[in-house]
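Undergrad: In UniProt numbering, the protein residues as written are 1 to 392.
Have a look at the structure that comes next, please.
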């Protein structure tokens with residue numbers, strides 16, 4: 001560096017001479033240059049797996065065992081999470097805090113019943129929701145004063161956003177005492193497991209890695225999937241990484257976006273340690289929510305996809321054979337051919353009259369055709385999944 005020139009100025013000059021990337025291969029080059037998303041935390045993943053249940057187990061929750069129908073319990077869960085959302089909006093809490101509260105709420109109801117029992121004080125879903133939100137504000141370090149939380153709960157519960165709540169009223173002290181008492185019960189029920197991984201962060205890392213964070217339709221569609229899943233039981237059915245991958249999968253299908261394979265030839269979902277079958281199961285679960293008769297119109301209506309390995313439904317993968325080559329690599333190949341690089345005689349190539357899967361007249365040989373049709377050849381592609389996850 002010449003004397004008198006600062007490193008900042010030199011860096012700005014070097015950036016000013018860079019040529020812009022062509023649009024047709026910008027996404028592939030950007031994904032290779034960007035930092036790879038963080039691998040799943042083994043400790044958090046193992047702790048989260050203990051709170052995952054099957055759909056059959058959701059039909060045998062404590063409320064259902066006590067005589068409540070699954071539809072009624074599902075409706076009460078949705079009302080409880082909706083209560084969390086409305087109070088959180090009134091308190092201007094971030095979305096991550098509301099997600100944490102909904103996870104606490106759903107995990108609590110996997111061990112406690114909402115059905116009123118003789119001789120026991122009834123447990124209302126609004127009380128559990130308020131306690132879950134109070135604990136989530138502490139865990140996510142977005143604390144609010146107890147007075148503000150109680151007033152917001154009173155207003156949402158009575159459906160009056162302008163309600164004047166006095167600190168000396170019975171409603172105020174009833175809500176306050178209920179939240180403080182149930183906090184210990186909630187912590188004991190969830191075994192003090194208060195660390196929650198958020199699919200929002202995983203989704204944003206994936207969008208940045210594939211260079212589509214500025215694709216507003218894709219970003220909005222994927223974000224809407226996660227927000228809509230908050231009021232469902234998806235958080236106790238699938239891990240946060242699977243929910244984020246399912247949101248990206250549905251958004252990519254909706255916006256007709258494809259993501260390239262990694263250097264090993266693995267599809268994007270396998271590179272993120274997620275199974276395609278789990279992604280489709282999560283999408284089909286949300287499709288049941290969107291396709292309800294009284295549901296509001298949504299972009300994801302008709303989202304349901306088969307869970308098998310049908311290649312027609314893997315529309316989000318851009319295989320390496322389909323990825324456009326880099327211009328620099330193409331220029332090097334042209335330069336090598338112009339300099340008269342000697343080609344191997346045909347008899348040294350096994351006498352088959354083709355090179356790299358192409359015949360002597362330039363047509364595709366049977367091996368290359370088989371590779372393109374089958375979509376799984378190369379090193380290690382067969383161990384990505386055993387459920388037909390490598391379809392094109």
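Glycine residues also receive a C-beta, built at the ideal position from the N, C-alpha and C atoms.
1. Identify, in the order they occur along the chain, each residue of the same chain with its Cβ nearer than 7 Å to the Cβ of residue 51, setting aside the five sequence neighbours on each side.
2. Considering residue 408, what are the terminal residues of the alpha helix (DSSP H) in which it resides?
3. Between which residues of its own chain and residue 257 is the CB-CB distance below 6 Å, once the five residues before and five after are set aside?
4. Give me the Cα-Cα distance between residue 196 and residue 100, rounded to the nearest whole angstrom.
5. Check the C-beta distance from residue 91 over to residue 135 and give it rounded, since I have them as a contact under 8 Å.
6. I'd like the span of the alpha helix (DSSP H) that includes residue 114, first residue to last.
7. Any Cβ of chain D within less than 7 Å of the Cβ of residue 115?
8. With distances taken Cα to Cα, identify the nearest neighbour of residue 202 among 168, 248, 152 and 215.
9. Going by beta-carbon coordinates alone, are residue 66 and residue 145 separated by less than 7 Å?
10. Taking only three categories from DSSP, how would you classify residue 104?
11. What residues in its chain sit with their C-beta under 6 Å from that of residue 194, if we drop five residues either side in the sequence?
12. Buried or exposed for residue 156, going by 16 or more other Cβ atoms inside 10 Å?
13. Less than 7 Å separating the beta-carbons of residue 481 and residue 242?
14. Beta-carbon separation of residue 164 and residue 172 under 7 Å?
15. Using beta-carbon positions only, say whether residue 40 and residue 112 come within less than 7 Å of one another.
16. When we look at the beta-carbon of residue 73 and count the other beta-carbons within 10 Å, is it buried (16 or more) or exposed?
17. With a Cβ-Cβ cutoff of 7 Å, do residue 98 and residue 85 count as a contact?
18. Out of 80, 261 and 232, point me to the one whose CA is closest to residue 284's CA.
19. Pick from 153, 250 and 71: whose alpha carbon is nearest that of residue 162?
20. Report the rounded CA-to-CA distance for residue 71 versus residue 64, giving the unit in angstroms.
21. Since residue 105 and residue 78 are thought to touch, with beta carbons under 8 Å apart, how far apart are those beta carbons, to the nearest angstrom?
22. For the segment 73 to 105, list the alpha helix (DSSP H) runs that are entirely contained and at least 4 residues long, ordered along the chain.
23. In whole angstroms, what is the alpha-carbon distance linking residue 125 and residue 204?
24. If you reduce the DSSP assignment to three classes, tell me which class residue 170 lands in.
25. Mark residue 175 as exposed unless 16 or more other C-beta atoms lie within 10 angstroms of its C-beta, in which case mark it buried.
26. Relative to the C-alpha of residue 185, which residue among 109, 159 and 160 is closest?
27. I'd like the ranges of any alpha helix (DSSP H) spanning at least 4 consecutive residues and lying wholly in the segment 213 to 272.
28. Once you ignore the five residues that flank residue 103 on each side, which residues in its own chain have a CB closer than 7 Å to its CB?
29. Confirm, please, whether the CB-CB distance from residue 206 to residue 213 is below 7 Å.
30. Measuring straight from C-alpha to C-alpha, what distance separates residue 269 and residue 227?
31. Identify which residue in 160, 133, 245 and 211 has its Cα closest to the Cα of residue 187.
32. I need the boundaries of the alpha helix (DSSP H) containing residue 210, first residue and last residue.
33. Are residue 83 and residue 129 closer than 7 Å when you measure CB to CB?
TA: Put simply:
1. 107 and 236
2. Within the shown structure, residues of the chain are numbered from 1 to 392, placing residue 408 beyond reach of any answer.
3. 218
4. 6 Å
5. Wrong, their Cβ atoms sit about 14 Å apart, outside the cutoff.
6. It is not in any alpha helix (DSSP H) - residue 114 carries neither H nor E in the DSSP assignment.
7. Protein chain content of the structure displayed is limited to a single chain, and chain D is not contained in it.
8. 248
9. no
10. helix
11. 139
12. buried
13. This structure gives no information on residue 481, because the portion of the chain shown stretches from 1 to 392.
14. no
15. no
16. buried
17. yes
18. 232
19. 153
20. 10 Å
21. Rounded, the Cβ-Cβ distance is 11 Å, inconsistent with contact.
22. none
23. 32 Å
24. helix
25. buried
26. 109
27. 216 to 229, 240 to 255 and 268 to 271
28. 196 and 235
29. no
30. 21 Å
31. 133
32. Counting along the chain, residue 210 falls outside any alpha helix (DSSP H), and DSSP gives it neither H nor E.
33. yes
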